[in-house]
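Notes follow the structure.
2 protein chains.
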Amino acid sequence: MVYQDPAGLDRLFHALSDPTRRAMLQALTDDEQKIGDLAKPFAMSFAAASKHVRVLEGAGLVSRRIEGRAHICRIEPAPFAAIDQWLSFYARFWGGRLDTLEALLRADDIPQASTREDKT
Amino acid sequence: MVYQDPAGLDRLFHALSDPTRRAMLQALTDDEQKIGDLAKPFAMSFAAASKHVRVLEGAGLVSRRIEGRAHICRIEPAPFAAIDQWLSFYARFWGGRLDTLEALLRADDIPQASTREDKT
DNA sequence: GCGTTATTAAACCATATGGTTTATCAAGAT
DNA sequence: ATCTTGATAAACCATATGGTTTAATAACGC
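Chains X and Z, in that order, are what the protein sequence lines are.
So for the first sequence, our numbering puts the first residue at 1; every next one is plus one.
So for the second sequence, our numbering puts the first residue at 121; every next one is plus one.
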């Protein structure tokens, strides 16, 4: 249950660890974008930006559709769900909204109630 | 208020992009651990594992308290909240936390495709 | 003190990463 | 056909990353 491919998470978190790529993602929340449009805001070569897009694609965060000479990118929702799922495991530590229900969910798996309580 | 240091997210996501470090984090959900204990499960030198801990520390995911000659590590909740906050921006269009939770809740009964996407 | 245990520091190495520049290729426009 | 546009590919470079090994440091047991 709730299995997550480790290499997938590697690629996913790595893709998100770069500010250029996160900014591109954010730009894509507005609408689909040509790679050229994605590249424009950044002070780097087109080729460099294109490589960033490829990393996002490799992580599943972005899909590409070719229309004539333009490559049109779209944000893909699934990886966000994967992150959320990963995060939910830790929800009990920081009091995320899932906290209560998550505790319910894993009630069977937990051998004994944790006495840990983080406040920091 | 909802501002997130970009460099912080860089370090955070980068720290999470390594399977060894994620495994260490998970080990820390059980209880605090000495660095030596954190290192043991991995087929790498103690020094290498120690460096991984330092990366986790640098990302704020782990704090360290020195007790005699042992360095005792503890998971820190704040960065998880930061990720959740980052994620929440995208929840707007991919369905968000509650959908994921519902899918999890139904996972036992309904074998339908949930928010899963892994198996790449 | 002396040896052992827990950890960091330093030097080093191979590979990955993020960037560049210079081709190269395909598709529109004229 | 030719020129321009949108994008990739390839070669290259500097630095970062993840790992090693060998000191070095500090605390505990004897």
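For each residue, glycine too, the CB sits at the ideal point set by N, CA and C.
These figures come from a predicted structure and were not determined experimentally.
Grab me the residues of residue i's own chain with a C-beta within less than 7 Å of its C-beta, minus the 5 sequence neighbours each way, in chain order.
i	result
Ala-147 (chain Z)	Gln-153 and Leu-158
With a CB to CB cut of under 8 Å and the five nearest residues on each side skipped, what residues in its chain are close to residue i?
i	result
Thr-29 (chain X)	Ile-75
Ser-170 (chain Z)	Ile-155 and Ala-159
Asp-151 (chain Z)	none
Asp-5 (chain X)	none
Met-121 (chain X)	Residue 121 (chain X) cannot be examined here, being either before or after the span of chain X that is shown, 1 to 120.
Gly-189 (chain Z)	The identity of residue 189 (chain Z) in the sequence shown is Arg, whereas the question assumes Gly. Once the five neighbours on either side are set aside, Arg-189 (chain Z) has no close Cβ partner at all.
Arg-142 (chain Z)	Leu-136
Quick one: measure Cβ to Cβ for residue i and residue j, integer angstroms, because I've assumed they're closer than 8 Å.
i	j	result
Phe-80 (chain X)	Tyr-210 (chain Z)	5 Å
Ile-83 (chain X)	Leu-207 (chain Z)	6 Å
His-71 (chain X)	Thr-20 (chain X)	About 17 Å separates the two Cβ atoms, so there is no contact after all.
Phe-93 (chain X)	Pro-197 (chain Z)	5 Å
Between the Cα of residue i and the Cα atoms of the options, which residue gives the shortest distance?
i	options	result
Met-24 (chain X)	X:Phe-42, X:Ala-7 and X:Gly-8	X:Phe-42
Ala-249 (chain Z)	X:Asp-18, X:Ser-45 and X:Ala-47	One cannot answer for residue 249 (chain Z) here, as it falls past the ends of chain Z, which runs 121 to 240.
Gly-215 (chain Z)	X:Ala-48, X:Arg-69 and X:Gln-85	X:Gln-85
Leaving out five residues before and five after residue i in sequence, what residues of the same chain have Cβ atoms less than 6 Å from its Cβ?
i	result
Arg-116 (chain X)	Note that Arg-116 (chain X) scores a pLDDT of 45, beneath 50, so its modelled location is shaky; the value from the coordinates is reported in the next line. So the list is empty, once near-sequence residues are dropped.
query: Counting only runs that start and end within the segment 29 to 82 of chain X, where is the alpha helix (DSSP H) found for 4 or more residues in a row?
result: 35 to 39 and 46 to 58
query: Just checking, does the segment 177 to 191 of chain Z make contact with the segment 56 to 72 of chain X on the three C-beta pairs under 8 Å criterion?
result: no
message: So, does the segment 129 to 143 of chain Z touch the segment 9 to 26 of chain X, judging by three or more C-beta pairs under 8 Å?
response: yes
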